[in-house]
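A.B. asks: So that we are looking at the same thing, I have put the structure below in structure tokens.
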Amino acid sequence: MTVTERVSYLKGLFEGLEIDTGKKEGKLLSGMLAALDDLAQAVTDLKQQNEELLEELDDVYEELSAITEDFLLDDADADQEELAPTPEEDLYQVVCPTCGEVIYLDQDTLSNGSIVCSACGEELEFDLSGLENDDET
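Everything in the sequence shown is counted per our numbering, starting at 937 for the first residue and increasing by one.
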């Protein structure tokens, strides 16, 4: 039973008792019921406004989450650009076949024959035996 329904029930009891509103007691009870009715309506209005605000807050939270994800993705892209080699460096680009992570290696690391992918832990092996050495030509 809602607050307004309870106040309506009390009003019905008051009217059913046929209390004389011309006497002091009747005026008091009638005034109290009127005040209760106003309070019940105010509580009902506040509940409705609160529900509307909560819905709007949920919408704002969803939008904020989407914006935050966009910024995080932009930051991740910026981090990848920072890790990219500069043209002056003699680096080789390797893509991990397991996770797709792009890894940049220098000649020394490549000549070791293998590395471990920092993203997934997969060991990547390199066979350079079939390649020509630029220093020999």
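Just so you know, even glycine gets a beta-carbon here, dropped at the ideal spot from N, CA and C.
I want to know whether the region 980 to 990 touches the region 948 to 967 - three or more CB-CB distances under 8 Å.
C.D. replies: no
A.B. asks: Does DSSP classify Glu-1058 as helix, strand or coil?
C.D. replies: As a first step, residue 1058 must be located in the sequence shown, where it is residue number 122. Three-state result, Glu-1058: coil.
A.B. asks: Classify Val-943 as buried or exposed, calling it buried when 16 or more other Cβ atoms lie within 10 Å of its own Cβ.
C.D. replies: Walking along the sequence shown from the start, residue 943 turns up at place 7. Per the 10 Å Cβ criterion, buried.
A.B. asks: Please return the same chain residues whose Cβ sits closer than 8 Å to the Cβ of Ile-1039, not counting the five positions on each side in sequence.
C.D. replies: Taking the first residue of the sequence shown as 1, we reach residue 1039 at position 103. Excluding positions up to five away in sequence, the list reads Gln-1029, Val-1030, Val-1031, Cys-1032, Ile-1051, Cys-1053, Ser-1054 and Leu-1060.
A.B. asks: Measure the alpha-carbon distance for Thr-1034 versus Cys-1056 and round it to whole angstroms.
C.D. replies: Locating residue 1034 in the sequence shown gives position 98, counting from the first residue. Locating residue 1056 in the sequence shown gives position 120, counting from the first residue. Roughly 8 Å between the two C-alpha positions.
A.B. asks: Can you give me the C-alpha to C-alpha distance between Glu-991 and Thr-1004, rounded to a whole angstrom?
C.D. replies: Residue mapping note: residue 991 aligns to position 55 of the sequence shown, counting from 1. Residue mapping note: residue 1004 aligns to position 68 of the sequence shown, counting from 1. Rounded to whole angstroms, Glu-991 to Thr-1004 spans 20 Å at the Cα level.
A.B. asks: What number of angstroms, rounded off, separates the C-alpha of Gly-962 from the C-alpha of Tyr-997?
C.D. replies: Residue numbering aside, residue 962 sits at position 26 when the sequence shown is read from its first letter. Residue numbering aside, residue 997 sits at position 61 when the sequence shown is read from its first letter. So the two alpha carbons sit approximately 52 Å from each other.
A.B. asks: For Ser-1065, does the three-state DSSP call read helix, strand or coil?
C.D. replies: Stepping through the sequence shown from its first residue, residue 1065 is reached at position 129. Residue state, collapsed to three classes: coil.
A.B. asks: Can you tell me whether DSSP reads Ile-955 as helix, strand or coil?
C.D. replies: Sequence index remark: in the sequence shown, residue 955 carries index 19 (1-based). The answer is coil: DSSP assigns Ile-955 none of H, G, I, E or B.
A.B. asks: Kindly indicate which three-state DSSP category Asp-1042 falls into: helix, strand or coil?
C.D. replies: Here residue 1042 is taken as the residue at index 106 of the sequence shown, counted from 1. Note: Asp-1042 maps to strand in three-state DSSP.
A.B. asks: Please indicate yes or no: does the CB of Cys-1035 lie closer than 7 Å to some heavy atom of the ligand GTP?
C.D. replies: In the structure shown, the ligand GTP is absent, as is every other ligand, since no ligand is present at all.
A.B. asks: Bridge partners for Ser-1052 per DSSP, in chain order?
C.D. replies: Looking up residue 1052 in the sequence shown gives position 116. Here the sequence assigns Val to residue 1052, which means Ser is not the residue at that position. For Val-1052, the beta-bridge partners assigned by DSSP are Glu-1059.
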